[in-house]
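Protein chains in written order, with my numbering: chain C, 429 to 620; chain R, 429 to 620. We treat Cβ as the ideally placed atom computed from N, Cα and C, and that holds for glycine. Owing to the predicted nature of the structure, the values given are computational and were not obtained by experimental measurement. Since the structure comes first, as structure tokens, the remarks are kept for the end.
2 protein chains.
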Amino acid sequence: MTLAPWRSPLARALHRNRSLVYARYFQLATIRADGHPANRTVVFRGFLDNTNQLKMITDARSEKADQIDQNAWGEACWYFPKTREQFRLLGQLTLVRDNCTDAHLLEARARSWQELSDAARVQFAWSNPGVPRDDTGFNPPLPDAITPLSHFCLLLLDSTRIDHLELKGDPQNRSIYSFSDAIGWSMQSVNP
Amino acid sequence: MTLAPWRSPLARALHRNRSLVYARYFQLATIRADGHPANRTVVFRGFLDNTNQLKMITDARSEKADQIDQNAWGEACWYFPKTREQFRLLGQLTLVRDNCTDAHLLEARARSWQELSDAARVQFAWSNPGVPRDDTGFNPPLPDAITPLSHFCLLLLDSTRIDHLELKGDPQNRSIYSFSDAIGWSMQSVNP
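This is how it looks when you write it as structure tokens:
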């Protein structure tokens, strides 16, 4: 695969904002079963090897897993405070569950699990998220560091439209990157 | 009106994060005409007097204005880096355009315009956003400081479900605030 042309400005933003731990967080919008939008902060976990797909992790028991099963479209909004720039990444989401039949993706899921800290892994052993508070379910034994818990999911975003806005210019700069099977990636400068 | 119960933790978060200018930015998810989600960073402009509605501003020529005309639902995701907490605010959006028939809202729109800096106001005189870059359209005269340009919009979010997550606890704390006409606001602690 070739690196998509938006990877280079995104890598630059990540580098220039590396002193802020939360510059690796972005907001992921999905669609609820009733058609309303949903939006939450997630952590960027790098790119899936040799692809332009962003990695995140999630819990199969979370609302977003059900939402993605019903509607795979998502838009990430990633704001970088230090350089004052925003990337909006629109595309399709893939939820890699424990019953995934693609061996390569299952292996990527296991690696994402192994890369977590103990503190991050143990959260997947907590009581069911979103149900009334149950204070007894938050002291589980540490889960195995090699084999993911069954409801641990790798989540991938395969973007086909990226909107990059740099607020620092005067006027600001805005570029739209689009992918089509016929011509691959193209880029257009647009008015901010 | 009474202050909704989530206003107090939100005010606390705003106060504790006040040293970060970007703690007043959040991400607003809406639905595109084709049913896909859209997500972008917006600036919090306070609350509409005597209501629990969040104020933002936007340009009637932007994609989100069309999206909101077709589907008024939105979810704001607001992450506060310093206190490591997130508010998700789901509700209906109201776009206050220049032809709004509600005198009170029109007046609020004019006030929002007047509160902007010259630098922020002049952006509404720039060339059409989102169309191919046109470098001639970014040196307009300063618009009038009292009367808004016609495509300046006040945007309001009237939330009916707020999901407040505090990452700092061990375990974390999560509260859901819901509004119904019959019982007003209620709050439930849920598992994070």
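Buried or exposed: which applies to residue i, given that a residue is buried once 16 or more other Cβ atoms fall within 10 Å of its Cβ?
i                      : result
residue 598 of chain R : exposed
residue 529 of chain R : exposed
residue 620 of chain R : buried
residue 542 of chain R : exposed
residue 439 of chain C : exposed
residue 465 of chain R : buried
residue 436 of chain C : exposed
residue 519 of chain R : buried
residue 471 of chain C : exposed
residue 591 of chain R : buried
residue 612 of chain C : exposed
residue 502 of chain R : buried
residue 602 of chain C : buried
residue 587 of chain C : buried
residue 531 of chain C : exposed
residue 610 of chain C : exposed
Please list the terminal residues of the continuous beta strand (DSSP E) segment that includes residue i.
i                      : result
residue 582 of chain C : 580-594
residue 483 of chain C : 482-487
residue 471 of chain R : 465-471
residue 455 of chain C : 453-459
residue 604 of chain C : 601-608
residue 519 of chain C : 513-524
residue 506 of chain C : 501-508
residue 618 of chain C : 612-618
Can you give the beta carbon distance from residue i to residue j, rounded, assuming they're within the 8 Å contact cut?
i                      : j                      : result
residue 509 of chain R : residue 448 of chain R : 6 Å
residue 584 of chain R : residue 476 of chain R : 6 Å
residue 480 of chain C : residue 536 of chain C : That belief does not hold up - the Cβ atoms of residue 480 of chain C and residue 536 of chain C are roughly 14 Å apart, past 8 Å.
residue 517 of chain R : residue 504 of chain R : 4 Å
residue 616 of chain C : residue 560 of chain R : 6 Å
residue 581 of chain C : residue 488 of chain C : 5 Å
Find the residues of chain C that neighbour residue i, judging by a C-beta separation of less than 9 Å, and give them in chain order.
i                      : result
residue 453 of chain R : 507, 509
residue 514 of chain R : 468, 469
For the alpha helix (DSSP H) holding residue i, just list the boundary residues, first then last.
i                      : result
residue 440 of chain C : 435-444
residue 539 of chain C : 531-543
residue 550 of chain C : 546-550
residue 493 of chain R : 491-498
For residue i, which residues of its own chain have a beta-carbon under 7 Å away from its beta-carbon, when the five flanking residues on both sides are left out?
i                      : result
residue 473 of chain C : 483, 484, 485, 540
residue 565 of chain C : 554, 555
residue 444 of chain R : 510, 511
residue 434 of chain C : 590, 592, 605
Near residue i, what residues of its chain come up, given a Cβ to Cβ distance below 8 Å and the 5 sequence neighbours on each side ignored?
i                      : result
residue 512 of chain C : 594, 595, 596
residue 571 of chain R : 549, 550, 552, 553, 577
residue 490 of chain C : 557, 558
residue 544 of chain R : 485
residue 546 of chain C : 570, 573
residue 429 of chain C : 478, 479, 480
residue 461 of chain C : 494, 495, 498
residue 618 of chain C : 602, 603, 604
residue 538 of chain R : 574, 575, 576
List the residues of chain R that residue i touches, going by C-beta distances under 9 Å, in chain order.
i                      : result
residue 518 of chain C : 460, 464, 465, 466, 467
residue 557 of chain C : 602, 618, 619, 620
Could you work out which residues of chain R lie near residue i, taking near to mean beta carbons separated by less than 7 Å?
i                      : result
residue 616 of chain C : 560
Closer than 8 Å by beta-carbon distance: list the chain R residues that pair up with residue i, in chain order.
i                      : result
residue 445 of chain C : What residue 445 of chain C touches in chain R: nothing, since even the nearest Cβ is about 11 Å away.
residue 503 of chain C : 457, 464, 465, 466, 467
residue 605 of chain C : Neighbours of residue 605 of chain C on chain R: none; closest Cβ ~14 Å, over 8 Å.
Excluding the 5 residues preceding and the 5 following residue i in the sequence, name in chain order all residues of the same chain whose CB lies nearer than 6 Å to its CB.
i                      : result
residue 467 of chain C : 455, 457
residue 526 of chain C : 578
residue 514 of chain R : 507, 593
residue 606 of chain C : 589, 614
residue 533 of chain R : 524
residue 453 of chain R : 469, 471
residue 568 of chain C : 553
Could you tell me which chain C residues have their CB closer than 7 Å to the CB of residue i, listed as they occur along the chain?
i                      : result
residue 599 of chain R : 554, 566
Under 8 Å from any heavy atom of the ligand ZN, does the C-beta of residue i make it?
i                      : result
residue 582 of chain R : No copy of the ligand ZN occurs in the structure displayed, which carries no ligand at all.
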